[in-house]
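So the protein lines, in turn, are chains H and S.
With this note's numbering, the residue at position 123 of the first sequence is 197, and numbering never jumps.
With this note's numbering, the residue at position 212 of the second sequence is 286, and numbering never jumps.
In this text, a Cβ means the ideal position worked out from N, Cα and C, and glycines have one as well.
All figures in this text were calculated on a predicted structure; none of them were measured in a lab.
Protein chains: 2
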Amino acid sequence: RKEIAGVGGLETLSLDTAQVWAALRQQRDRFASRPEKAARALAGEFLLEGPARFREPGVLEITLGDDVQIVRAGVVVIATGSRPVLPGWLAAVAERTVTTDQLFELPVLPKRVGVLGLGAIGLEMGLALSRLGVEVIGADVANTVAGIVDPVIGERAVARFMREITLWLGREVSVSTSGDEVLMRSGDRVVSVDLLLAALGRRPNVDSLNLEAAGIEVDGRGMPKFDPATMQIGDLPVFIAGDANGDRPLMHEAADEGAIAGYNAARSEITRFRRKVALGIAFSDPDVAGVGARLDQLDPQSIVIGSAGGDGNGRARILGGEDSLLHVYADARDGKLLGAAMVATGGEHIAHLLAWAIQRGETAQSLLQLPFYHPVVEELLQTALQGIAEKFPDGLPSGLARTATGADT
Amino acid sequence: RKEIAGVGGLETLSLDTAQVWAALRQQRDRFASRPEKAARALAGEFLLEGPARFREPGVLEITLGDDVQIVRAGVVVIATGSRPVLPGWLAAVAERTVTTDQLFELPVLPKRVGVLGLGAIGLEMGLALSRLGVEVIGADVANTVAGIVDPVIGERAVARFMREITLWLGREVSVSTSGDEVLMRSGDRVVSVDLLLAALGRRPNVDSLNLEAAGIEVDGRGMPKFDPATMQIGDLPVFIAGDANGDRPLMHEAADEGAIAGYNAARSEITRFRRKVALGIAFSDPDVAGVGARLDQLDPQSIVIGSAGGDGNGRARILGGEDSLLHVYADARDGKLLGAAMVATGGEHIAHLLAWAIQRGETAQSLLQLPFYHPVVEELLQTALQGIAEKFPDGLPSGLARTATGADT
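In structure tokens, the structure reads:
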């Protein structure tokens, strides 16, 4: 247990995980029920609730209990979501494997859990379980967590999260049962766990839609091609939005996609919409976040990287975030902001500022002219920007600009 | 004590306030020593450390122990800071009164503290003491806390903080001693406290500088007039920066002022600098924050107010911030953002986004085209902006804009 100066009695704190778990489930249901109710109310009598598939272009079969209803639709919007991937090699341990859909339905938490896949969801869940007292072993074939591409940020994140969960990275993992145990193996390492959490990604729910019957071409993975500015599939009167299209599987992007698809589906003319700057956050506390261009999408010779660590940020230190690390990528010619990666306490807030700045075409120098309060985690960004801006000296003090002639503010 | 679902043993938690207090003091000293060391290193042999006053224009007397050293200076920068105000009516209880300078030197915390003045500092300190188990009675002649001007935000903040400290607002308070007790009185109310914390504002340290001898005109409060774009006093070779000038007594503004004053002091030509959009935050958790124009600086007829409450924000609810409240003020003609006030969990982050947006001349509509992740407290801002943007319908879905012709992003 962590010690806190001056606080006694920490050693007798106890956790009734069943009760915590029930409270969490209740909270989840409260959050989820609101949009569901709203959607049902909006759909009203037009809601047909059942599996759907194309029979031919513009014709859908909906299975409603024992009946099949035929719907002729001038326009179709596919928004069927996704489901967790459960690869074949998990079949042998299926009874001891849950996905995040099932995890929350467990009545009690197991003692030791193996997390397969350490993307954003696997990392978030693994850490949450660990913080509830579960021993967690996380494995990923990638050599990083939460999809971090920047190797320095990745290394920092791995070092940070290893303090809470065992990480097996960069190697295939295999699983098997042995009596009542589930064994996880990776290289020479083997461990027995009570339960496996499969967090190996999500698969768009388009495979049972019979897309071919609608004249929709699909690629090798069964996915249709669509235009992210219109959500339209080819020139067809068919649109695809949200997790179903396999692109940007994030709530705020899905909301935009639904709005774009709906707008275009209801009109004879197709409108092209601007999509937002990429913003991805894993709520791993410290947050892992990526904004704009990833490091592997940039030419190392043509960028400068501004860096800032939590040990130099007063607020981060107060919050126990000394090992926070932020990298900001900027164009080496003019300081224009291109992207960022971070593992940082309060990183989600820094990530919003950066996403907005990148979408607005700001440079490190221009951004420093905006206010940064003190003491705040946002000063991490200020420090990183100063590292970039010093390569573009204008002879003025950092963060200050001359007034426009005759104007004071 | 607060109950947390599933957590046992909370009732036996204990707090050794002396130990907490010592740890806090250590942390403070660590933070303060770094800039102090840096400043001393930079000043080197040029540092004369003692009270200074003008003898005549360009001539300073510095008292160094028993000596007085005369310094002839072509240019002078006044950066003498401020000190807590201790009005005469506190003289009778002086021995039982501390300022925030002295508070941290107390070896142990008293049982009951009266906080006089509930600006940002009084509120922050009162809440911090209360959270350390001290019973706190806070009083202010104003009918609000932390300088909140917007009456709806003020009411929400008062209701929130009353749950932790007793608030006596909108009336003069008087104090007296009675035996070993200190009595606080306001109207019919009277309470006995062990200690008074005076948080009645800070006074610029310019009264002992003999400014008149330097040919500096001062107003009725003894303050010189200066230009916030140059920090220069009149046309004199004298600059005044930081708390000493009584304007924008905030760290980030003081840093700009020091840089501006130093830049101009070292050059023959005076440069005018743009100052940043106003940003003030009280770290009262929930934060109280004000950005840009205050409500009383705006014409109620020519603005629209966008509003959002924590009960409608999933993340705020998870964080216990249901009673957060945000008001955003925008120009009624075009939705241009003018200012904001809030009491909100994570309000400091929302305040940064708003300050940047206001300085950049964004409208509610344009800001909604930038990404808001989910679930984050930043969505409070999104909700408030939507309330403004719906008054300026453009026929497109909220937060979406057409691509520029031929461009996709």
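Query	Result
In whole angstroms, give me the CA-to-CA distance for residue 225(H) and residue 435(S).	37 Å
Hey, is residue 152(H)'s beta-carbon within less than 9 Å of any beta-carbon in chain S?	no
What in chain H is Cβ-close to residue 199(S), meaning under 7 Å?	Those within 7 Å of residue 199(S) in chain H number zero; the least Cβ separation is about 16 Å.
Evaluate the contact criterion for the segment 248-266 of chain H versus the segment 223-237 of chain H: three or more CB pairs, one atom per stretch, below 8 Å.	no
Can you tell me where the beta strand (DSSP E) holding residue 270(S) begins and where it ends?	269-272
What number of angstroms, rounded off, separates the C-alpha of residue 449(H) from the C-alpha of residue 386(H)?	11 Å
Run through the DSSP bridge pairs and tell me what residue 94(S) is partnered with.	The partner list for residue 94(S) (beta bridge, DSSP) is empty, contrary to what the question assumes.
In whole angstroms, what is the alpha-carbon distance linking residue 382(H) and residue 433(H)?	22 Å
I need the boundaries of the beta strand (DSSP E) containing residue 361(H), first residue and last residue.	361-366
With a threshold of 16 other CB atoms inside 10 Å of the CB of residue 325(S), please say whether the residue is buried or exposed.	exposed
Would you mind working out which of 241(S), 123(S), 407(S), 472(S) sits nearest residue 347(H), comparing C-alpha positions?	472(S)
Which of the three DSSP states, helix, strand or coil, is assigned to residue 304(H)?	coil
Please tell me whether residue 472(S) has its Cβ less than 9 Å away from any Cβ of chain H.	yes
May I ask which residues mark the beginning and end of the alpha helix (DSSP H) holding residue 459(H)?	452-463
Compare the C-beta of residue 348(S) against all C-beta atoms of chain H and say whether one is closer than 9 Å.	yes
The beta strand (DSSP E) that contains residue 277(S), what's its start and end?	276-278
Please specify which runs of the alpha helix (DSSP H), each continuous and at least 4 residues long, are wholly inside the segment 158-201 of chain S, giving them in chain order.	174-177
In its own chain, which residues sit with a C-beta less than 6 Å from the C-beta of residue 244(H), not counting the 5 before and 5 after it?	217
Suppose you measure from the CA of residue 260(S) to the CA of residue 175(S); what does that come to, to the nearest Å?	26 Å
Find the residues of chain S that neighbour residue 445(H), judging by a C-beta separation of less than 7 Å, and give them in chain order.	326, 350, 351, 353, 429
Apply the 10 Å Cβ neighbour rule to residue 239(S) and answer buried if 16 or more other Cβ atoms are within range, or exposed otherwise.	buried
Of the residues 196(H), 183(H), 299(H), which one's Cα is nearest the Cα of residue 98(H)?	183(H)
Step through the CB atoms of chain H and report whether any lies within less than 9 Å of the CB of residue 421(S).	no
Excluding sequence positions up to five away, which residues of its chain have a Cβ less than 7 Å from the Cβ of residue 469(H)?	none
Round the Cβ separation of residue 402(S) and residue 379(S) to the nearest angstrom and send it over; I've been treating them as touching at under 8 Å.	7 Å
In angstroms with no decimal places, state the Cα-to-Cα distance between residue 111(S) and residue 122(S).	15 Å
Taking its Cβ as the centre, do 16 or more other Cβ atoms sit within 10 Å of residue 120(S), making it buried, or is it exposed?	exposed
How about residue 466(S) and residue 373(S): are their beta carbons less than 9 Å apart?	no
Would you mind telling me which residues of chain S sit closer than 9 Å to residue 334(H), beta carbon to beta carbon, in chain order?	471, 474
Here's a check: name, in chain order, each residue in its chain whose Cβ is nearer than 6 Å to the Cβ of residue 186(S), leaving out the five neighbours to either side.	209, 267, 268
Can you grab the Cα-Cα spacing for the pair residue 425(H) / residue 392(H), in whole Å?	20 Å
When the distance is taken between beta carbons, is residue 276(S) closer than 9 Å to residue 125(S)?	no
My output table needs one value for residue 337(H): the three-state DSSP class, helix, strand or coil.	helix
Going along the chain, which residues of its own chain have a beta-carbon closer than 6 Å to the beta-carbon of residue 149(H), five neighbours each way excluded?	311, 339
Quick check on residue 93(S) - is its C-beta less than 9 Å from some C-beta in chain H?	yes
9 Å is my cut-off, CB to CB: does residue 358(H) come that close to chain S?	no
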